[in-house]
Amino acid sequence: MTKQIEKTYSPQIEGAIYKRWLEKRYFHVEPDASRRPYTIMMPPANITGKLHVGHALTFAIQDILIRFKRMQGYNTLWLPGTDHASISTEVKIADAMKEEGLTKRDIGREAFLERAWKWRGEYGGIIVQQLKLLGVSCDWDRERFTMDEGLSNAVYETFIHLYNKGWIYRAERLINWCPKCQTTISDAEVEHEEMDGSLYYFKYPVEGGGFIEFATTRPETILGDTAVAVNPDDERFRNVVGKTAVIPNIGRRIPIIMDVYVDKAFGTGAVKITPAHDPNDYEVGSRHSLPIINVMNDDGTMNAAAGPYAGQTREKCRENIISDFKRRGLYIKTETIRHAVGTHERCDSVVEPLIKMQWFVKMADLAKPALDVYNSGKLKIVPARAGKVYAHWLENIRDWCISRQLWWGHRIPAYYCEACGEIFVGAQAPEICVCGGARFKQDEDVLDTWFSSALWPFSTLGWPEKTRELDYFYPSDVLVTGYDILFFWVIRMVFSGLEMIGEIPFHDVLFHGIVRDALGRKMSKSLNNGVDPLRVIEDFGADALRLMLVTGNSLDNDTRFYCERLETSRNFLNKLWNAARFVLMNLDADEPGAGSGPSAGSGPSAEPDVMDKWIISRANRVSRDVTQRIDSYDMGMAAQMAYDFVWDEFCDWYVEMVKPRLYDKGDPTRPAALRTLKGTLIVCLKLLHPFVPFITEEIFAALQDKEETIMYSAWPAYSEACDYPEEEQMVERLKSAIKGIRAVRLDMSAPPSQKISVVLVSPDNAVRGFFTSVQRTFAVLAGARETFIQADKTGVNGNAVPVVIDGATVYLPLDELADREKEKERLNREKKKLSAEVERARRKLANEGFVKKAPPQIIAEERAKLEKYRKMLADVEEQIGSGYNYLHAPNNK
RNA sequence: GGGAGUUUAGCUCAGUUGGGAGAGCGCUUGCCUUACAAGCAAGAUGUCAUAGGUUCGAGCCCUAUAAUUCCCACCA
Numbered sequence: 045m046t047k048q049i050e051k052t053y054s055p056q057i058e059g060a061i062y063k064r065w066l067e068k069r070y071f072h073v074e075p076d077a078s079r080r081p082y083t084i085m086m087p088p089a090n091i092t093g094k095l096h097v098g099h100a101l102t103f104a105i106q107d108i109l110i111r112f113k114r115m116q117g118y119n120t121l122w123l124p125g126t127d128h129a130s131i132s133t134e135v136k137i138a139d140a141m142k143e144e145g146l147t148k149r150d151i152g153r154e155a156f157l158e159r160a161w162k163w164r165g166e167y168g169g170i171i172v173q174q175l176k177l178l179g180v181s182c183d184w185d186r187e188r189f190t191m192d193e194g195l196s197n198a199v200y201e202t203f204i205h206l207y208n209k210g211w212i213y214r215a216e217r218l219i220n221w222c223p224k225c226q227t228t229i230s231d232a233e234v235e236h237e238e239m240d241g242s243l244y245y246f247k248y249p250v251e252g253g254g255f256i257e258f259a260t261t262r263p264e265t266i267l268g269d270t271a272v273a274v275n276p277d278d279e280r281f282r283n284v285v286g287k288t289a290v291i292p293n294i295g296r297r298i299p300i301i302m303d304v305y306v307d308k309a310f311g312t313g314a315v316k317i318t319p320a321h322d323p324n325d326y327e328v329g330s331r332h333s334l335p336i337i338n339v340m341n342d343d344g345t346m347n348a349a350a351g352p353y354a355g356q357t358r359e360k361c362r363e364n365i366i367s368d369f370k371r372r373g374l375y376i377k378t379e380t381i382r383h384a385v386g387t388h389e390r391c392d393s394v395v396e397p398l399i400k401m402q403w404f405v406k407m408a409d410l411a412k413p414a415l416d417v418y419n420s421g422k423l424k425i426v427p428a429r430a431g432k433v434y435a436h437w438l439e440n441i442r443d444w445c446i447s448r449q450l451w452w453g454h455r456i457p458a459y460y461c462e463a464c465g466e467i468f469v470g471a472q473a474p475e476i477c478v479c480g481g482a483r484f485k486q487d488e489d490v491l492d493t494w495f496s497s498a499l500w501p502f503s504t505l506g507w508p509e510k511t512r513e514l515d516y517f518y519p520s521d522v523l524v525t526g527y528d529i530l531f532f533w534v535i536r537m538v539f540s541g542l543e544m545i546g547e548i549p550f551h552d553v554l555f556h557g558i559v560r561d562a563l564g565r566k567m568s569k570s571l572n573n574g575v576d577p578l579r580v581i582e583d584f585g586a587d588a589l590r591l592m593l594v595t596g597n598s599l600d601n602d603t604r605f606y607c608e609r610l611e612t613s614r615n616f617l618n619k620l621w622n623a624a625r626f627v628l629m630n631l632d633a634d635e636p637g638a639g640s641g642p643s644a645g646s647g648p649s650a651e652p653d654v655m656d657k658w659i660i661s662r663a664n665r666v667s668r669d670v671t672q673r674i675d676s677y678d679m680g681m682a683a684q685m686a687y688d689f690v691w692d693e694f695c696d697w698y699v700e701m702v703k704p705r706l707y708d709k710g711d712p713t714r715p716a717a718l719r720t721l722k723g724t725l726i727v728c729l730k731l732l733h734p735f736v737p738f739i740t741e742e743i744f745a746a747l748q749d750k751e752e753t754i755m756y757s758a759w760p761a762y763s764e765a766c767d768y769p770e771e772e773q774m775v776e777r778l779k780s781a782i783k784g785i786r787a788v789r790l791d792m793s794a795p796p797s798q799k800i801s802v803v804l805v806s807p808d809n810a811v812r813g814f815f816t817s818v819q820r821t822f823a824v825l826a827g828a829r830e831t832f833i834q835a836d837k838t839g840v841n842g843n844a845v846p847v848v849i850d851g852a853t854v855y856l857p858l859d860e861l862a863d864r865e866k867e868k869e870r871l872n873r874e875k876k877k878l879s880a881e882v883e884r885a886r887r888k889l890a891n892e893g894f895v896k897k898a899p900p901q902i903i904a905e906e907r908a909k910l911e912k913y914r915k916m917l918a919d920v921e922e923q924i925g926s927g928y929n930y931l932h933a934p935n936n937k
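Residue numbers (the working numbering): 45 to 937.
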């Protein structure tokens with residue numbers, strides 16, 4: 045006997061279900077050559093992170109795919125994990141230390157790392173626990189951390205490999221320096237922000253008389269100037285080129301040179317050149333062999349080379365320079381200018397270009413194969429426009445600065461001989477140097493956090509060991525992520541996978557939008573407009589949250605977070621819950637056996653009737669459509685279709701239609717009704733399970749005699765045998781008749797308790813036969829006391845209200861209730877509508893071009909429509925014109 | 001400076017290869033009909049941003065324009 049479920053839906057069930065799934069180890073998989081794998085690598089969550097709604101969206105999408113494929117019989121691995129998040133974690137720990145009055149330098153590297161590991165142990169698992177509340181079905185037994193031993197080996201192996209190939213090198217280059225975080229950052233980590241700034245005009249005295257005027261946005265870098273450049277074609281400067289200008293205050297003599305880089309139209313046409321602090325100037329400087337003078341310390345203050353300005357912050361120095369130039373009469377003017385300023389995306393401080401010795405990955409050779417797999421279609425990127433961004437980035441890629449002046453992360457596996465300075469790259473320092481020295485010092489820097497995440501798709505499977513997992517699960521099927529980490533992560537995984545494994549890390553990349561607040565703003569700490577998913581889950585449940593996030597939006601667009609939408613989802617779940625309750629109640633009231641059987645309407649003892657066939661047919665088609673939608677990553681539409689089917693067709697129509705059969709214990713079609721009811725509910729549950737895993741599991745369990753999980757039940761497959769187009773058409777007639785009658789009743793304010801008589805007149809035998817077979821249902825849903833089904837109008841009161849449907853007219857003898865005027869209006873509205881339809885179809889078919897050029901199927905459909913509407917129109921006109929005399933009817937209202 | 005989105009009902013958004021404009025919320029009206037008032041039933045609401053073009057036929061394809069959002073970029 046089936047179990048009963050609680051009276052109202054409550055998301056409190058979720059915790060226990062997840063616990064059961066974990067206990068049963070339903071998420072865990074092993075390589076199995078007899079089954080096809082389906083693999084998703086979960087983007088590792090930062091250990092510093094807290095669950096936000098963005099996570100909820102991205103993990104909901106991944107879980108939908110995983111659960112869908114699992115039910116389709118794939119051996120599905122969804123591998124979770126966390127990222128050490130080098131810089132964020134380090135900053136966080138340093139901040140915590142500040143409260144104790146300690147700095148990193150105070151305690152030293154080793155003690156700091158000790159704290160970091162301790163911190164990771166204490167807080168690193170929080171986000172994982174929060175993730176579980178979402179219902180994610182990932183294989184927790186395979187959870188990985190980017191600084192696990194195995195994953196670290198992968199990092200060193202890769203570094204050494206690339207170094208030996210000459211693709212990792214150490215060089216002194218102009219890099220992006222974050223003065224606040226005190227480390228280099230990669231180009232990708234610099235955010236260019238357009239803002240209003242000042243363009244200052246100054247002049248340098250020229251030796252031999254005169255001045256040269258120039259403009260700059262960064263006066264403090266004057267101290268590092270080693271030339272002034274003008275365009276070779278610029279006539280205005282002909283007489284000063286080759287002469288020497290003098291920087292006041294510090295008295296440095298610098299040449300006036302020519303370089304095509306200079307834009308004649310900008311500023312004064314002359315540019316001060318600071319090779320140590322500007323990428324362009326660096327280029328110019330190397331072309332002209334100019335000295336490079338670094339005037340800044342790592343913390344953004346001026347260094348000794350700044351002479352009298354040494355020790356000042358860059359901001360203070362700027363002010364002082366301006367006032368000094370003013371005092372000397374060398375200041376001309378200040379203009380406001382809109383220009384891009386580079387800031388560090390993590391801390392927002394202005395990035396300082398500096399020359400430093402750093403480690404780089406040479407990108408040219410790595411980028412090419414990554415571009416090839418995209419161009420050849422081997423790597424599919426959804427949506428397609430993201431692919432263009434991918435290609436554009438790779439085509440214009442520059443070398444990747446991978447060293448960071450931090451402690452938390454993978455330390456660069458390079459060792460320097462203390463005697464001669466020779467570099468050795470390897471897992472350990474060598475025994476002895478070529479110079480005979482035996483003391484080595486490891487490089488102080490760690491690697492960019494993305495260097496290790498770039499290896500995630502295979503390092504998590506055991507590489508560089510040759511494992512069964514790597515062999516079986518790699519490459520993964522799809523990578524799902526927000527478009528914001530395309531450059532940071534996705535591209536780097538692709539070229540890393542291609543280089544180290546020789547195969548792309550995933551076949552598809554699916555980018556989705558971000559979750560915004562109700563006003564469409566990005567959620568951010570500064571606006572304090574973030575939505576806490578944990579609160580939402582507490583109030584509405586993970587199912588409601590997940591459903592809300594994926595429904596009603598196309599994936600690639602951003603979505604707004606509305607509480608009302610959450611309620612809509614919650615209401616739907618309650619609807620589903622109560623539909624299930626209804627089914628369970630009826631199954632329970634049934635004698636054993638009749639309602640059992642998992643599939644819809646396939647039992648010999650319970651042949652489905654026409655209504656059953658209708659819902660079976662609909663369920664069948666919807667299953668096919670939902671499957672197609674998920675397969676094409678159209679989760680929103682898939683969810684919407686399942687939602688509509690459950691609510692509109694199953695609950696509002698089928699369940700209502702089937703009630704009279706259920707309430708009559710003697711009805712011979714009752715077993716079929718029960719069977720179909722249960723079977724269709726199960727199809728609904730299965731279609732919904734990827735989206736709302738908890739509630740579907742709970743109901744599914746209640747429907748089963750034995751313990752079974754919906755997770756591993758078979759996904760509904762489309763079957764032609766379950767297609768019943770004729771039954772569908774008939775039931776559509778039934779629905780139109782009922783809707784028409786209801787409309788009339790409402791017009792007349794006839795309460796549901798007031799039963800009426802209904803006469804259905806149709807010359808069509810099949811239509812009459814159908815209505816006869818569903819007579820009782822028809823009567824109940826139409827609120828009829830009795831129904832007469834006949835071929836002509838015999839006995840129909842002249843004052844009866846007609847409702848015209850396709851193939852029949854229904855008469856409601858409502859004399860005493862009828863509001864004649866209202867009915868007249870209604871019929872005329874009908875007439876107008878039908879006339880428009882007829883006219884539209886007629887004009888279309890009268891169009892020579894249409895008949896000549898349109899596909900035959902479209903023309904045939906159009907003809908059928910014309911025919912149908914013409915008939916209905918004629919019926920309506922007949923009612924208006926002849927048999928129905930409104931004007932002389934009594935009006936008792 | 002380059003590129004990509006978006007513009008559809010009062011609000012938020014769907015609308016797969018071009019073939020009769022949709023949903024949720026909100027609104028109007030009537031219902032506690034023994035699964036569900038987190039519900040049921042019936043309704044109203046759109047120059048599909050603008051202007052051209054292609055086509056028998058355009059919300060969908062092409063061109064231009066406007067508004068708006070985002071990404072990329074070394075003009076001081």
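By construction, the Cβ of each residue, glycine as well, lies at the ideal position given by its N, Cα and C atoms.
6 Å CB neighbourhood of residue i in its chain, flanking five on each side removed
i, result
"residue 379", "243"
"residue 705", "711, 713, 714 and 717"
"residue 250", "256, 284, 287 and 289"
"residue 823", "831"
"residue 101", "559 and 593"
Integer-rounded CB distance, given that residue j should sit under 8 Å from residue i
i, j, result
"residue 588", "residue 625", "Not a contact, Cβ separation roughly 18 Å."
"residue 340", "residue 362", "At roughly 12 Å, the Cβ-Cβ gap does not stay under 8 Å, so residue 340 and residue 362 are not in contact."
"residue 548", "residue 422", "6 Å"
"residue 220", "residue 386", "7 Å"
Under 8 Å between C-beta atoms of residue i and residue j
i, j, result
"residue 727", "residue 769", "no"
"residue 433", "residue 578", "no"
"residue 457", "residue 465", "no"
"residue 742", "residue 57", "yes"
"residue 446", "residue 405", "yes"
"residue 271", "residue 292", "no"
"residue 451", "residue 494", "no"
"residue 725", "residue 740", "no"
Bridge partners - residue i, DSSP secondary structure assignment
i, result
"residue 125", "188"
"residue 997", "Here the chain covers residues 45 to 937 and nothing more, so residue 997 does not appear."
"residue 239", "383"
"residue 801", "830"
Outcome for residue i when other beta-carbon atoms lying within 10 angstroms are tallied against a minimum of 16
i, result
"residue 790", "exposed"
"residue 653", "buried"
"residue 227", "buried"
"residue 455", "buried"
"residue 997", "The first residue shown for the chain is 45 and the last is 937, placing residue 997 beyond what the model contains."
"residue 436", "exposed"
"residue 55", "buried"
Spatial neighbours of residue i in its chain, beta-carbon cut-off 7 Å, leaving aside the 5 residues before and after
i, result
"residue 59", "none"
"residue 120", "73, 82, 110, 113 and 114"
"residue 222", "229, 388, 391, 393 and 395"
"residue 461", "477, 479, 481 and 484"
"residue 444", "230, 404, 405 and 407"
Neighbourhood of residue i by C-beta distance below 8 Å, restricted to the same chain and skipping five residues each side
i, result
"residue 356", "345, 346, 350 and 364"
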